[in-house]
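J.:
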Amino acid sequence: MHMGSRVFDTPEEAVADVSDGASIAVGGFGLCGIPDSLIRALADSGVGNLEVFSNNCGVDDHGLGILLGARQIRRVTASYVGENKEFARQYLSGELEVELTPQGTLAERLRAGGAGIPAFFTPAGVGSPVADGGLPWRYAADGSVALASPPKETRVFGDKRYVLELGITADFALVHALRGDTAGNLVFDKSALNFNPLAAMAGKVTIAQVEELVPAGTIDPAQVHLPGVFVQRIVETGPQNKRIEKRTVSSTEGATR
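All the letters of the sequence shown, read from the start, carry residue numbers 54 to 310 under the numbering used here.
Structure follows, in structure tokens:
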């Protein structure tokens, strides 16, 4: 770490105080805009029993899937988990606790937590197990439900029923940005402007990996996507080695030149 600043020299130094049992909000969507260097550093540290808030849990060999495969995650709150076979295996065998939540609800829970809003009402999930309870959070080894979601408070506003959802705050947040300055101001690239700002807001200690680090004042304030007040640590990791989650190609048969 550079003395007297929030800039760290390596991802390993930036996550060094993440301890067993910590809760972590992680930015990204699929494999887009994920803080891969920080995740790898966390995996190498051997920290365990983690509670993760993220849109999804990566794939089997990349992103949060690395932590999952190493059995370093205890609980996941996510909205989509369909690309990770190990995730499904751990969940169905009772090794992993999972809270599935609608994607928009997850986004707003992170934003609300970061804005100091403890809870909010939303129509998403009303009339389903999301509101009524009974979703399997954890299975037993024999396939029975060991822990189910509790029912949530609902209330009518006007002529419509809404369900109460709690804001999310986490001990740490890990995010990826295209550019950041030494004051922590961040700029995200295209679709990486997904869950990254929301996760950053929800973290008590937010750690940002950036492809390019520039001096404070270099970024036009009008171009800043997330102000530095939300970022406590920043580390330059260089251009990201982007993975394509699903490659789709079209046939050229019958194509004209």
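We put the CB at the ideal spot given by N, CA and C, even for glycine.
For a test of the three-state rule: what should DSSP assign to S98, helix, strand or coil?
T.: helix
J.: Smallest Cα separation from P292: which of L227, V263, N238, A226?
T.: V263
J.: So I315 and L227 are supposed to be a Cβ contact under 8 Å. How far apart are they, rounded?
T.: Any answer about residue 315 is impossible in this case: the structure gives the chain only from 54 up to 310.
J.: Which parts of the stretch 138-165 are runs of the beta strand (DSSP E), unbroken and 3 residues or longer, counting only runs that do not cross its ends?
T.: 150-153
J.: Under three-state DSSP, which class holds S76?
T.: strand
J.: Once the 5 residues before and after L200 are set aside, which same chain residues still bring their CB inside 6 Å of it?
T.: W190, R191
J.: Using only CA atoms, which one of G166, N108, E150 lies nearest to V198?
T.: E150
J.: Since D89 and G116 should fall inside the 8 Å C-beta cutoff, what is the C-beta to C-beta distance between them, to a whole number of angstroms?
T.: With a Cβ gap of about 6 Å, D89 and G116 count as contacting.
J.: Where does I170 land, buried or exposed, given buried means 16+ other C-beta within 10 angstroms?
T.: exposed
J.: In the DSSP assignment, the beta strand (DSSP E) including A184 goes from what residue to what residue?
T.: First-last for A184: 182-185, but that is the alpha helix (DSSP H), not the beta strand (DSSP E).
J.: Just mark N102 as buried or exposed, buried being the case when its beta carbon has 16 or more other beta carbons within 10 Å.
T.: exposed
J.: Is the distance from the Cβ of Y215 to the Cβ of P176 below 7 Å?
T.: yes
J.: Distance check for Q285 and E66, CA to CA, integer angstroms please.
T.: 13 Å
J.: Can you list, in chain order, the residues of its chain with a C-beta nearer than 6 Å to that of R310? Leave out the 5 residues immediately preceding and following it.
T.: Legend: pLDDT at R310 = 48, less than 50; position of this residue unreliable, value from coordinates given subsequently. Apart from the 5 residues on each side of it in sequence, R310 has no Cβ closer than 6 Å to any other Cβ in its chain.
J.: Which runs of the beta strand (DSSP E) spanning at least 3 residues fall entirely within the stretch 245-269, listed in chain order?
T.: 256-267
J.: By the DSSP assignment, the beta strand (DSSP E) with G233 in it spans what residues?
T.: Residues 223-234.
J.: Classify K275 as helix, strand or coil using the three-state DSSP reduction.
T.: Here residue 275 is Ala; the residue named in the question, Lys, does not match the sequence. Helix.
J.: Which residues does DSSP pair with Y133 in a beta bridge?
T.: In the DSSP output, where bridge partners are listed per residue, Y133 has none listed.
J.: Pop quiz: V100 and D73 are said to be a contact at Cβ under 8 Å. What is the actual Cβ separation, rounded to whole angstroms?
T.: 6 Å
J.: By Cβ distance, which residues of its chain are closer than 8 Å to D97, with the 5 residues on each side in sequence left out?
T.: E65
J.: Alpha carbon to alpha carbon, how far is F174 from D212? Give it in angstroms, no decimals.
T.: 14 Å
J.: Mind checking whether A255 and L163 have CB atoms under 7 Å apart?
T.: yes
J.: Does the structure place the stretch 235-246 close enough to the stretch 270-280 that three or more beta carbon pairs sit under 8 Å?
T.: Output reads yes: the stretch 235-246 touches the stretch 270-280.
J.: Straight-line CA distance for G178 to E206?
T.: 12 Å
J.: What does a CB cutoff of less than 7 Å around G157 pick up in its chain, not counting 5 residues either side in sequence?
T.: A177
J.: Return the residue from the list L153, D185, G147 that minimises the CA-CA distance to R10.
T.: The question about residue 10 has no answer here: the residues shown for the chain are numbered 54 through 310.
J.: Going by DSSP, which residues form a beta bridge with R191?
T.: L200
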